[in-house]
Structures are given as C-alpha cells and as structure tokens.
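Peer 1: With the working numbering as the guide, the letters of the sequence shown map in order to residues 14 to 414.
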Amino acid sequence: MLATVQLREWAARRGLVLGIAPAGPFSRGEAALKWRVEQGLATPFAAGSLEERCRPGVLYPGARSLVVVAGPHPRPAAGAPGPGRGRVARYAMGPDYHRLLRGHLQGLAGILCQAGASLAAVQVDNGPLLEREAACLAGLGYYGASCNLIIPGLGTAFALGLVVTDLELEPGKPLAPATCRNCGRCLAACPTGALLAPGRLDPQRCLSYLTQKRGLIPPELRPAMGSYIWGCDVCQEVCPENYRAGEPPSLPETGLLPTGLSWPGVGDKAGSLTGGAFRLHSDRVAPHLTYPELATIITLDRAGFNQIFGSTALAWRGKTVLQRNAAIALGNQGDPAALVPLQQALHAPAAILRAHAAWALGRLGATGHPALAAALATEADAIVRREIKEALEGRCSRQPL
Ligand code: SF4
Ligand code: SF4
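1) For a test of your reading of the model: does the CB of C248 fall under 6 Å from any non-hydrogen atom of ligand 1? Yes or no.
2) Contact defined as beta carbons within less than 8 Å: I believe I230 pairs with I341. What is the distance between those atoms, to the nearest angstrom?
3) Tell me whether A342 sits in a helix, a strand or coil according to DSSP, three-state version.
4) Sort L113, P85, G28 by Cα distance to T325 and report the nearest one.
5) Provide the residue span of the alpha helix (DSSP H) that contains V251, from first to last.
6) Could you give the first and the last residue of the continuous beta strand (DSSP E) run that contains L173?
7) Starting from the Cα of T169, find the closest Cα among E144, G157, A105 and give me that residue.
8) Please write down, chain order preserved, every residue whose beta carbon lies under 6 Å from a heavy atom of ligand 2.
9) Count the other C-beta atoms from every protein chain shown that fall within 10 angstroms of the C-beta of T58, then say buried if there are 16 or more, exposed otherwise.
10) According to the neighbour-count rule (16 or more other Cβ atoms, all chains shown, within 10 Å of its Cβ), is G284 buried or exposed?
11) Is it buried or exposed for S62, if we count other Cβ within 10 angstroms and need 16 for buried?
12) Check whether the region 125-139 touches the region 48-57, counting contact only when three or more Cβ pairs, one atom from each stretch, lie closer than 8 Å.
13) Taking 6 Å as the line, does the beta carbon of L162 fall inside it for any heavy atom of ligand 1?
14) Beta carbon of G174, beta carbon of L118: below 7 Å?
15) Buried or exposed, going by whether 16 or more other CB atoms sit within 10 Å of the CB of A122?
16) Quick one: measure Cβ to Cβ for V177 and P35, integer angstroms, because I've assumed they're closer than 8 Å.
17) Under 6 Å Cβ to Cβ from A328, same chain only, skipping five residues before and after it: list those, please.
18) Rounded to whole angstroms, how far is the Cβ of D215 from the Cβ of L54, which I believe are closer than 8 Å?
19) Are the region 304-315 and the region 183-196 touching, with three or more C-beta to C-beta distances below 8 Å?
20) Below 8 Å on the Cβ atoms is my guess for L150 versus T17; work out the distance and round it to an integer in Å.
21) So who's on the other strand from S159, going by DSSP bridges?
22) So S131 is in the alpha helix (DSSP H); what residue range does that whole segment cover?
23) Ignoring anything shorter than 4 residues, give me the alpha helix (DSSP H) runs that lie fully in the region 32-110, in order along the chain.
24) Considering only residues of the same chain and omitting the five flanking positions on each side of D394, which have a CB-CB separation below 6 Å?
25) Is the Cβ-Cβ distance between A370 and L359 less than 7 Å?
26) Please list the terminal residues of the continuous alpha helix (DSSP H) segment that includes I311.
27) In the DSSP assignment, the alpha helix (DSSP H) including Y222 goes from what residue to what residue?
Okay, here's the thing in structure tokens:
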C-alpha cells in the first residue's frame with residue numbers, strides 16, 4: 014500500500030498540504046445541498062446532480078479513496094485600492110490556480126498509477142464532487158460559520174483539488190473540534206446579508222456568485238459590491254481564524270480590517286496561519302491585478318482583456334461580466350472623474366454594460382445627466398432605456414452602503 018506519509022511528503026515538497034478521504038458519501042454536504050434546494054437557493058453554477066456531487070461512486074464506480082490537496086492563494090500586492098481601482102477576491106488575482114494545481118495533481122495521478130491504480134481522475138473545480146467536503150472528511154480542515162473551510166496553517170485562503178482513485182489508501186480523520194470559534198464577525202460583516210445563520214449561506218445574495226453570473230445585478234445589491242469587481246473576501250478578512258496573536262494579519266493586507274482590533278488567543282487552534290512553508294504561487298500579485306484600474310477595464314477590447322486577465326481565474330467568464338462589475342464599482346465610488354469612461358460604456362455594443370453604465374452615471378448625480386439624456390434619445394434596448402430613465406429620476410442615487 015502506498016503510504017500516506019509518502020504522499021504528504023510529496024505534497025510538502027511542493028508547498029501543498031494533502032489528506033485522504035474515503036470515497037464514501039458526503040452526508041454533511043448532501044444535507045446542506047438539500048437544504049439549499051428546499052429553500053429555493055440553488056444556483057445554476059452547480060455542476061452535476063446531487064448524487065454526483067456527494068457520492069464519488071456514482072461517477073467513479075471503482076473509487077476507493079480521494080486524495081485531496083490544498084495550496085494557498087497568492088499574496089496580493091501591498092497597499093490598498095485607491096480611487097478608481099477595483100478589488101478582486103484573492104483566489105482570482107494571480108495566475109489561474111486551476112492550471113497550477115492541476116499540473117501538480119496530474120503528477121500525483123502518475124504516482125498513483127505507478128503504485129497500481131487503474132483510476133486516477135483529477136478534479137480542480139471542473140467536476141461535480143464537493144472538494145471542500147472531501148477536504149473536511151480527509152481531516153484537512155473544519156467549517157466556519159461563514160461556510161468557508163478552515164485549514165490549520167492556511168486559514169481560509171487556499172485552492173483545493175483532488176484525485177479520485179481506486180487505490181485503498183489510509184484515510185485521515187475529521188478534525189475535532191470541528192467548528193470555528195463562532196464569533197459572528199462574518200455574519201455581521203457580510204455586505205449583502207448572504208450569511209443567513211451560522212453555516213447557512215444564500216448563494217444568490219453572495220458576491221462570489223453575483224459578480225460571476227451573467228445579466229443584470231439586482232439594483233438593491235449593486236451598492237453592496239462596493240469596489241469588488243470579482244468575488245468577495247469580506248467574511249474571510251474579518252475572520253479571527255485567519256490571524257495569529259500578536260502578528261499582522263496574513264490574509265487581508267488591504268486595509269479593510271477595523272483598526273485597533275486584537276485577536277487574543279487567535280492561532281491557538283489553527284496554528285500558524287502565515288503559510289510561510291506553503292506555496293502554490295511563486296510571487297506576489299502585481300498591483301494592476303490586485304487593484305485593477307476600473308476605467309481601463311470598461312474600455313477594454315477583447316485582445317486587451319486577454320492580455321491583462323487571460324491567465325487569471327476570472328478570465329473564463331469573458332470581458333462583459335467584468336466590465337459590468339467595473340461600471341458598478343465606478344458608480345459606487347461616485348467619482349466625477351469616471352464620467353468619460355462611463356459615457357463610453359453607455360454606447361458599448363453589450364446592452365448589459367450599457368444598462369449598468371447608466372446606473373453608474375445616475376450615481377454621479379447631475380454630472381451624469383447630460384450623457385444619460387443624450388443616450389435615451391437613441392437607445393433602443395428596453396432594459397437599458399429603463400435603467401437610463403431610473404438614473405435620470407435619481408432612483409439609483411448614492412445611499413449609505
Ligand atoms: S463572500 Fe462576501 S457576500 Fe459572500 S458570504 Fe462572504 S462576505 Fe458575504
Ligand atoms: S468570523 Fe467568527 S464566526 Fe465567522 S467563520 Fe470566522 S471564527 Fe467563525
């Protein structure tokens with residue numbers, strides 16, 4: 014039998030952590046997904062049926078073990094987003110983690126095959142199996158009230174992937190105690206109220222989903238995006254499980270954390286969260302990818318988009334979704350300097366960008382009105398016309414977030 018310790022050493026040499034879960038049903042995950050469906054909270058992003066997501070044997074009848082690997086998200090550039098800059102969730106800032114982790118896992122699949130496996134299927138967010146659930150069952154981490162998995166040594170900021178194999182490997186044991194410290198900070202800080210209760214997330218209100226979905230963002234949720242143009246790290250940034258007593262925060266580095274806070278005793282359960290020994294990305298992320306310039310984004314053509322964002326994990330959705338989000342962020346910032354790029358976006362080929370540019374111009378108040386009135390005279394799309402009219406009526410004016 015291939016020893017777990019050998020696999021862990023293989024992972025550690027690459028800056029990764031590794032655990033093994035039995036390929037049995039994910040009972041906790043199945044119950045959580047059923048609750049979401051019953052509440053009408055499922056999103057179209059979920060691939061596969063409930064059984065395919067929670068029962069490895071459905072897609073892989075010979076599966077015996079899941080080898081789960083985690084690697085930390087990249088470190089953002091130092092500093093904080095200035096005016097005209099957007100924010101990107103940490104996982105999507107740097108080189109696409111799917112590609113990096115898949116490369117490692119394909120090497121691992123080769124090792125498993127050499128050890129006699131006839132099944133070694135790699136999944137990095139490109140299959141239905143719940144990777145967090147597998148990591149939890151492998152004893153790599155435990156769930157927080159924010160629904161994020163917390164891995165000792167990594168906190169919540171990591172990428173996950175797994176290999177499904179027919180090898181019988183020695184599984185890890187779920188960690189105990191298997192809960193976070195239940196401080197409630199994540200629920201209080203969530204800008205959209207997506208965290209309904211500890212362990213209960215409404216994904217349709219979560220910015221991680223909203224910033225990736227196509228189409229209109231509900232107007233009442235646009236202000237909650239703030240400067241975020243992709244994903245959201247707020248519930249992670251306020252989480253004491255990501256900090257060590259007496260040390261600077263390992264995760265935020267964005268100036269969002271309230272000053273004067275201390276975290277007594279933090280780290281006593283999760284251990285070192287600085288992740289010094291762990292590494293998936295080689296460098297800090299460049300400033301233009303940590304805090305991208307919003308005016309540049311909304312005026313990009315396809316070639317420019319591919320050049321700047323093509324190698325990151327947010328490229329898969331294409332440029333219009335990112336441009337829509339950038340328009341909202343400019344509206345939330347309310348800086349009159351955004352007038353010219355928003356005016357340009359108001360005449361973009363994509364109606365969805367024109368609609369959100371209209372909303373953003375409405376947030377500029379009287380500054381945006383001449384451009385809106387001129388566009389209304391020529392705009393043919395019914396949704397864009399409605400957004401322009403609402404903007405001219407002041408129905409999207411700036412309100413406290
Ligand atoms: S990612 Fe953001 S929007 Fe989603 S639950 Fe966390 S804080 Fe709320
Ligand atoms: S912020 Fe507090 S309640 Fe939320 S996951 Fe972290 S420790 Fe748990």
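Note that beta-carbon positions come from the ideal geometry of N, C-alpha and C, so glycine has one too. As the structure is a prediction and not an experimental result, all values here were calculated from the model.
Peer 2: Here's the rundown:
1) Working through the sequence shown from its first residue, we reach residue 248 at position 235. Flag set: Cβ of C248 near ligand 1.
2) For this step, residue 230 is matched to residue 217 along the sequence shown. For this step, residue 341 is matched to residue 328 along the sequence shown. Contact flag correct, Cβ pair sits at about 6 Å.
3) Taking the sequence shown and counting its residues from 1, the one referred to as residue 342 is at position 329. Helix, per DSSP.
4) The residue labelled residue 325 in the question sits at position 312 within the sequence shown. The shortest Cα separation from T325 among L113, P85, G28 belongs to L113.
5) Taking the sequence shown and counting its residues from 1, one reaches residue 251 at position 238. Unbroken run through V251: none, as it is neither H nor E.
6) Walking along the sequence shown from the start, residue 173 turns up at place 160. The continuous beta strand (DSSP E) containing L173 extends over residues 171-178.
7) Here residue 169 refers to the residue found at position 156 when the sequence shown is read from its first residue. Ranking E144, G157, A105 by Cα distance to T169 puts G157 first.
8) G157, A158, S159, C193, R194, N195, C196, G197, R198, C199, V251, C252, P253, E254
9) Walking along the sequence shown from the start, residue 58 turns up at place 45. Thr is not the amino acid found at residue 58; the sequence shown has Phe there. Exposed is the call here.
10) Position 271 of the sequence shown, counted from the first residue, corresponds to residue 284. The predicted position of G284 is uncertain, since its pLDDT is 31 and thus under 50; no value can be drawn from it.
11) The count along the sequence shown starts at 1 and reaches residue 62 at position 49. Result: exposed.
12) Under the 8 Å Cβ criterion, the region 125-139 does not count as touching the region 48-57, having fewer than three qualifying pairs.
13) Taking the sequence shown and counting its residues from 1, the one referred to as residue 162 is at position 149. Answer for L162: no, Cβ out of range of ligand 1.
14) Counting from 1 along the sequence shown, the entry for residue 174 is found at position 161. Counting from 1 along the sequence shown, the entry for residue 118 is found at position 105. For the 7 Å CB-CB criterion, G174 and L118 form a contact.
15) For the purposes of this step, residue 122 is taken as residue 109 along the sequence shown, with counting starting at 1. So A122 counts as buried.
16) Counting from 1 along the sequence shown, the entry for residue 177 is found at position 164. Counting from 1 along the sequence shown, the entry for residue 35 is found at position 22. By a beta-carbon distance limit of 8 Å, V177 does not contact P35. Their separation comes to about 12 Å.
17) Your numbering for residue 328 matches position 315 in the sequence shown. Within the same chain, A328 has close Cβ partners F322.
18) In the sequence shown, the residue the question calls residue 215 occupies position 202. In the sequence shown, the residue the question calls residue 54 occupies position 41. Yes, D215 and L54 are in contact; Cβ-Cβ is about 5 Å, under 8 Å.
19) no
20) In the sequence shown, the residue the question calls residue 150 occupies position 137. In the sequence shown, the residue the question calls residue 17 occupies position 4. The pair is not a contact, with the Cβ atoms about 14 Å apart (cut-off 8 Å).
21) Position 146 of the sequence shown, counted from the start, is the residue given in the question as residue 159. Answer is none; S159 lacks a bridge partner.
22) Taking the sequence shown and counting its residues from 1, one reaches residue 131 at position 118. Note, S131: premise wrong, no alpha helix (DSSP H); not H, not E.
23) 40-51, 63-67, 69-72
24) For the purposes of this step, residue 394 is taken as residue 381 along the sequence shown, with counting starting at 1. Within the same chain, Cβ atoms closer than 6 Å to the Cβ of D394 are found at A364, the five residues on either side in sequence being excluded.
25) Here residue 370 refers to the residue found at position 357 when the sequence shown is read from its first residue. Here residue 359 refers to the residue found at position 346 when the sequence shown is read from its first residue. Yes. Within cutoff.
26) Taking the first residue of the sequence shown as 1, we reach residue 311 at position 298. Element bounds for I311: 307-311.
27) Here the question's residue 222 lines up with position 209 in the sequence shown. 220-223 is the span of the alpha helix (DSSP H), which, as asked, contains Y222.
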